[in-house]
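Report on one structure; see the data block that follows.
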Amino acid sequence: QKEVEQDPGPLSVPEGAIVSLNCTYSNSAFQYFMWYRQYSRKGPELLMYTYSSGNKEDGRFTAQVDKSSKYISLFIRDSQPSDSATYLCAMGGGYFGNEKLTFGTGTRLTIIP
Amino acid sequence: GAVVSQHPSWVICKSGTSVKIECRSLDFQATTMFWYRQFPKQSLMLMATSNEGSKATYEQGVEKDKFLINHASLTLSTLTVTSAHPEDSSFYICSATDLIGLAGPYEQYFGPGTRLTVT
Chain A
1 QKEVEQDPGP
11 LSVPEGAIVS
21 LNCTYSNSAF
31 QYFMWYRQYS
41 RKGPELLMYT
51 YSSGNKEDGR
61 FTAQVDKSSK
71 YISLFIRDSQ
81 PSDSATYLCA
91 MGGGYFGNEK
101 LTFGTGTRLT
111 IIP
Chain B
114 GAVVSQHPSW
124 VICKSGTSVK
134 IECRSLDFQA
144 TTMFWYRQFP
154 KQSLMLMATS
164 NEGSKATYEQ
174 GVEKDKFLIN
184 HASLTLSTLT
194 VTSAHPEDSS
204 FYICSATDLI
214 GLAGPYEQYF
224 GPGTRLTVT
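These protein sequence lines map, in sequence, to chains A and B.
Numbering-wise, our numbering puts 89 at position 89 of the first sequence, and it's gapless, one number per residue.
Numbering-wise, our numbering puts 130 at position 17 of the second sequence, and it's gapless, one number per residue.
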C-alpha cells in the first residue's frame, strides 16, 4: 500500500463548476498537508498548506484535512480554464522545512470553457 | 522571493555520457536541497536529500554512484547523471529550503525542472 493515494484522473469539468480533489494516506505521523499545482513541464508551485486537521480557505481554494479518516481534500470554486493543471497532494511529518515530503501521484484537471 | 532556478531546462545526451544539472536558490540561502525525479503522468519521487557541506542522503533504490550530488555552497547544488542510459530519461526537479529551516515542510521551493533525454 502506498503511503499516499491520489486518483490520477483525468478529471474534466465545465468552467464555473466546483472541483473536488482528494488524497488518502496511511502514515499517521503526517502533520503538514500541502497542495501543489503543476503545469505541464514545470515545477510544482505551492497552493495551500494545512497543519493538522481543519479547514483553510484562500480565495477560490479550500483545503480540508480529516486526520481521523486520513483524508484530505482541495476544493476549487468557480473553476477557470487557467486552473487546468495537475494537482499534487503532499505530506510531511516534521516541523522543519528540511524534512522530506511524500507526494501523491497527482490528478490531471481540465476546465472546459 | 524564494526563487529556485535550474539549468539547463532541457538536455539531450548520448547513452554513456554524463550530464550535470544545476539547482540554484536565487534570493535565499538553502541549507537543504532535495532532488526529485518525475516520470510522465507519475508523481515526484524523492531521490536524495542534500545538505550544504555534507554528503547527500539517498533514498532506497537510488544508485549514489550513478546520481552524484554535490551541495558545495548555500545557493548551489548539482546533480550529475553518470553514464546515462535511455531509462534515465526523465524530468528532474530540485527543491530548496531556507537557511534557518524553522518553517514547516511547506517552505520548500521548487525549481522549474530539467528534462533529460538520453538517446
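For glycine and all other residues, C-beta sits at the position ideal for the given N, C-alpha and C.
> If you measure beta-carbon to beta-carbon, which residues of the region 42–58 of chain A are closer than 8 Å to chain B?
Replying inline: Taking 8 Å as the Cβ-Cβ cut-off against chain B, the residues of the region 42–58 of chain A that qualify are Lys42, Gly43, Pro44, Glu45, Leu46, Tyr49, Tyr51.
> Using a beta-carbon distance below 7 Å, is B:Phe152 in contact with chain A?
Replying inline: No, its Cβ sits nowhere closer than 7 Å to a Cβ of chain A.
>> Taking beta-carbon pairs under 8 Å, can you tell me which members of the region 12–24 of chain A lie near chain B?
In response: Legend: CB atoms of the region 12–24 of chain A lying less than 8 Å from CB atoms of chain B are not found in any residue.
>> Taking DSSP's pairing of strands, which residues face B:Ile182 in a bridge?
In response: As a beta-bridge residue in DSSP terms, B:Ile182 pairs with B:Leu192.
> Which of the three DSSP states, helix, strand or coil, is assigned to A:Glu3?
Replying inline: Coil at A:Glu3, not helix or strand.
>> Using only the alpha-carbon positions, how far apart do A:Tyr36 and B:Ile125 sit?
In response: Straight-line measurement puts the Cα of B:Ile125 at about 28 Å from the Cα of A:Tyr36.
> What residues match up with A:Met34 in a beta bridge as DSSP calls it?
Replying inline: According to DSSP, which records beta bridges pairwise, A:Met34 is partnered with A:Tyr49, A:Ala90.
> Is the CB of A:Asp9 under 7 Å away from at least one CB in chain B?
Replying inline: Checking the sequence shown, residue 9 of chain A turns out to be Gly, not Asp. Answer no: the Cβ-Cβ gap between A:Gly9 and chain B never drops below 7 Å.
>> Taking the alpha carbon of A:Gln64 as the reference point, which residue from A:Met34, A:Arg108, A:Thr110, A:Lys2 has its own alpha carbon closest?
In response: Put simply, of A:Met34, A:Arg108, A:Thr110, A:Lys2 the residue whose alpha carbon is nearest the alpha carbon of A:Gln64 is A:Met34.
> For a contact meaning CB atoms closer than 9 Å, what does B:Leu159 contact in chain D?
Replying inline: Included in the structure are the protein chains A and B, with no chain D among them.
> So, B:Glu165 versus B:His184, is the Cβ gap smaller than 7 Å?
Replying inline: Yes, they are a contact pair.
> Can you round the beta-carbon distance between B:Ala143 and B:Thr188 to whole angstroms, since I take them to be within the 8 Å contact cut?
Replying inline: Yes, B:Ala143 and B:Thr188 are in contact; Cβ-Cβ is about 7 Å, under 8 Å.
>> Contact criterion: CB-CB distance below 7 Å. Does B:Ser156 meet it with respect to chain A?
In response: At least one CB of chain A lies nearer than 7 Å to the CB of B:Ser156.
> Is the CB-CB distance between A:Ser82 and A:Lys67 below 7 Å?
Replying inline: Cβ atoms of A:Ser82 and A:Lys67: not closer than 7 Å.
> Would you call the CB atoms of B:Phe147 and B:Ser208 closer than 7 Å?
Replying inline: One thing to note: B:Phe147 has its Cβ within 7 Å of the Cβ of B:Ser208.
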